[in-house]
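Remarks on the structure that follows.
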Amino acid sequence: MAKDNKKQNEEVIGELNGAVEETTTEEAKETTFKSSYKNLIIAGTSIQFKDGVYSTSDETEIEILRNNNLVAEAGE
């Protein structure tokens, strides 16, 4: 009985670990911004727009860019 419970617990832990790995390996969604500027320094961060476009998945950069009037989020 105790061996069966231990085996079941190990199986459940293995399944949970697999689910956690799947969640953490998902790639963060990138957000794309457009600007007529080639290079902006915003909040001490240098952001270079290649052909007027910059993509990032960094949440801090996304928040900074969304709050800047020199940049427009693609699709707006």
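When we follow the UniProt record's numbering, the leftmost residue of the sequence shown carries the number 1, and every step to the right adds one.
Note that the Cβ used here is the ideal one computed from N, Cα and C, for glycine as well.
Note that the structure is a prediction, hence the values are computed from the model and not measured.
From the DSSP output, which residues share a beta bridge with Thr54?
As a first step, residue 54 must be located in the sequence shown, where it is residue number 54. Per the sequence shown, the amino acid found at residue 54 is Tyr instead of Thr. According to DSSP, Tyr54 bridges with Phe33.
I think Ser55 touches Glu73, with their Cβ atoms under 8 Å apart; what is that distance to the nearest whole Å?
If you number the sequence shown from 1, residue 55 lands on position 55. If you number the sequence shown from 1, residue 73 lands on position 73. At roughly 11 Å, the Cβ-Cβ gap does not stay under 8 Å, so Ser55 and Glu73 are not in contact.
Only counting the same chain, and skipping five residues up and downstream in sequence, which positions put a Cβ closer than 6 Å to that of Val71?
As a first step, residue 71 is located in the sequence shown; it is residue number 71 there, counting from the start. Taken in chain order, the residues that qualify are Phe33, Ser35, Leu65.
Quick one: Cα of Ser46 to Cα of Ile13, how far?
The sequence position of residue 46 within the sequence shown is 46, counting from 1. The sequence position of residue 13 within the sequence shown is 13, counting from 1. Cα-Cα distance, rounded: 44 Å.
Give the C-beta separation of residue 102 and Asn68 to the nearest angstrom, bearing in mind that I take them to be a contact with Cβ-Cβ under 8 Å.
The first residue shown for the chain is 1 and the last is 76, placing residue 102 beyond what the model contains.
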